[in-house]
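Here is the structure we will look at.
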Ligand SMILES: [Zn+2]
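In my numbering, the protein residues as written are 399 to 650.
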């Protein structure tokens, strides 16, 4: 299911700005500036993809554009990393390659196979967040798991902040069980549906063994200067070109 509103995006962006303000980073009014505290931190753009097809839907880009974006990233010295590498950089200070980028694909649409094939052809790792009702077959999901971690996006893709704590927990735990039952791999990362969550949802995630969770927000992640349960991602959308892609990746 695709987001039907950008409200979650605005919500998440406010949180990012609020967190930066709380950390003493001066915020410019008007045109966003790179936060001063982030200048010494490792910058990781986390890119959020959905459909890779010709549907023209809001969050769809074509296979040709995806391949051109991957080529652009490699030409410009970026190295795709896994969310485990990103987490370890936060948790233990593990070094990341120069110019790291995290490629994520949401919802488990059938075209996530196209996403995986494109990245595999270029030797890049992907990261996948799927729901229990994804149309992907178990063998499809195993194929994705061969490219990178397949992780949680909740069972039914609800607005988590609107659910009671018991349902929040069930949404996460049932999704973990579904994915692990197919891949045999642990599920320790989560992407919030619509970028939406609240304090009890974070607690439910922690209780389920989730180590970090991804939101939206449109800005890069800075290792050590980002809330691990609201790691911002940059949305890829219909109408993107290689120029707008480069601007998004380079935006603070
Ligand atoms: Zn989603």
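Built from N, CA and C at the ideal position, the CB exists for glycine as well.
Any non-hydrogen atom of ligand 1 closer than 8 Å to residue 513 Cβ: Indexing the chain shown from 1 puts residue 513 at position 115. No - ligand 1 has no heavy atom lying nearer than 8 Å to the Cβ of residue 513.
Distance between residue 536 and residue 459 (C-alpha atoms, nearest Å): Your numbering for residue 459 matches position 61 in the chain shown. Your numbering for residue 536 matches position 138 in the chain shown. Taking the straight line joining both Cα atoms gives about 25 Å.
DSSP-derived helix/strand/coil call for residue 473: Position 75 of the chain shown, counting from 1, holds the residue named residue 473. In this structure, residue 473 counts as helix in the three-state DSSP scheme.
Residue closest to residue 498, alpha-carbon to alpha-carbon, out of 565, 508 and 444: Along the chain shown, one-based indexing puts residue 498 at 100. Nearest option by C-alpha distance: 444.
Within 9 Å, strictly: CB atoms of residue 617 and residue 487: Residue numbering aside, residue 617 sits at position 219 when the chain shown is read from its first letter. Residue numbering aside, residue 487 sits at position 89 when the chain shown is read from its first letter. Cβ atoms of residue 617 and residue 487: not closer than 9 Å.
Reduced DSSP category for residue 627 - H, G, I as helix; E, B as strand; rest coil: Your numbering for residue 627 matches position 229 in the chain shown. Note: residue 627 maps to coil in three-state DSSP.
Alpha-carbon to alpha-carbon, residue 562 and residue 538: Locating residue 538 in the chain shown gives position 140, where the first residue counts as 1. Locating residue 562 in the chain shown gives position 164, where the first residue counts as 1. Approximately 32 Å between the Cα atoms of the pair.
When 567, 542 and 547 are compared against residue 553, the one with the closest alpha-carbon: Position 155 of the chain shown, counting from 1, holds the residue named residue 553. Taking only the C-alpha atoms, the option nearest residue 553 is 567.
Pairwise C-alpha distance: residue 472 and residue 423: Counted from its first residue, the chain shown places residue 423 at position 25. Counted from its first residue, the chain shown places residue 472 at position 74. Confidence at residue 423 is low in this model, with a pLDDT of 38, below 50, so the placement of that residue should be treated as unreliable; the coordinate-derived value is given next. Taking the straight line joining both Cα atoms gives about 32 Å.
Residue 532 versus residue 588 - alpha carbon distance: The count along the chain shown starts at 1 and reaches residue 532 at position 134. The count along the chain shown starts at 1 and reaches residue 588 at position 190. Straight-line measurement puts the Cα of residue 588 at about 16 Å from the Cα of residue 532.
Distance CB(residue 614)-CB(residue 592) smaller than 9 Å: Position 216 of the chain shown, counted from the first residue, corresponds to residue 614. Position 194 of the chain shown, counted from the first residue, corresponds to residue 592. It is a contact, given that the beta carbons lie within the stated cut-off.
DSSP three-state assignment for residue 449, whether helix, strand or coil: Here residue 449 corresponds to residue number 51 of the chain shown, with the count starting at 1. In this structure, residue 449 counts as coil in the three-state DSSP scheme.
As assigned by DSSP and simplified to three states, the class of residue 523: Sequence index remark: in the chain shown, residue 523 carries index 125 (1-based). Per DSSP, reduced to three states, the secondary structure at residue 523 is coil, with no helix or strand assignment.
Rounded C-alpha distance that separates residue 452 from residue 637: Numbered from its first residue, the chain shown carries residue 452 at position 54. Numbered from its first residue, the chain shown carries residue 637 at position 239. C-alpha separation (whole angstroms): 11 Å.
Span separating the alpha-carbon of residue 524 from that of residue 465: As a first step, residue 524 must be located in the chain shown, where it is residue number 126. As a first step, residue 465 must be located in the chain shown, where it is residue number 67. Distance between the alpha carbons of residue 524 and residue 465: 13 Å.
Residue 609 vs residue 514 beta-carbon contact at 9 Å: Here residue 609 refers to the residue found at position 211 of the chain shown. Here residue 514 refers to the residue found at position 116 of the chain shown. Result no, Cβ atoms of residue 609 and residue 514 do not sit closer than 9 Å.
Closest by C-alpha distance to residue 542, when choosing among 600, 529 and 510: By one-based count along the chain shown, residue 542 stands at place 144. When only C-alpha atoms are compared, the closest one is 510.
Simplified DSSP assignment, three categories, for residue 620: In the chain shown, the residue the question calls residue 620 occupies position 222. Residue 620 falls in the strand class under three-state DSSP.
Anticipated Cβ contact below 8 Å, residue 517 with residue 440, distance rounded: To locate residue 517, count along the chain shown from 1; it is residue 119. To locate residue 440, count along the chain shown from 1; it is residue 42. Between residue 440 and residue 517 the Cβ distance is about 22 Å, and since that is not below 8 Å, they are no contact.
Pairwise C-alpha distance: residue 522 and residue 645: Within the chain shown, the letter at position 247 stands for residue 645. Within the chain shown, the letter at position 124 stands for residue 522. Taking the straight line from one Cα to the other gives about 21 Å.
Assigned secondary structure, residue 539 (DSSP; H/G/I helix, E/B strand, else coil): Here residue 539 refers to the residue found at position 141 of the chain shown. In the structure shown, residue 539 sits in a helix (DSSP, three-state: H, G or I).
Residue 573 beta carbon near ligand 1 (any heavy atom closer than 8 Å): For this step, residue 573 is matched to residue 175 along the chain shown. False, no ligand heavy atom lies under 8 Å from that Cβ.
Bounding residues of the beta strand (DSSP E) (the contiguous stretch that carries residue 612): Taking the first residue of the chain shown as 1, we reach residue 612 at position 214. Taken as a continuous stretch (DSSP letters only), the beta strand (DSSP E) holding residue 612 covers 610-615.
Heavy atom of ligand 1 within 8 Å of residue 545 beta-carbon: Along the chain shown, one-based indexing puts residue 545 at 147. Outside the cutoff, so no.
The alpha helix (DSSP H) enclosing residue 565, as first and last residue numbers: In the chain shown, residue 565 corresponds to position 167, counting from 1. Residues 563-581.
Near ligand 1: residue 465 beta-carbon under 8 Å from a heavy atom: Walking along the chain shown from the start, residue 465 turns up at place 67. Residue 465: no, Cβ never under 8 Å from ligand 1.
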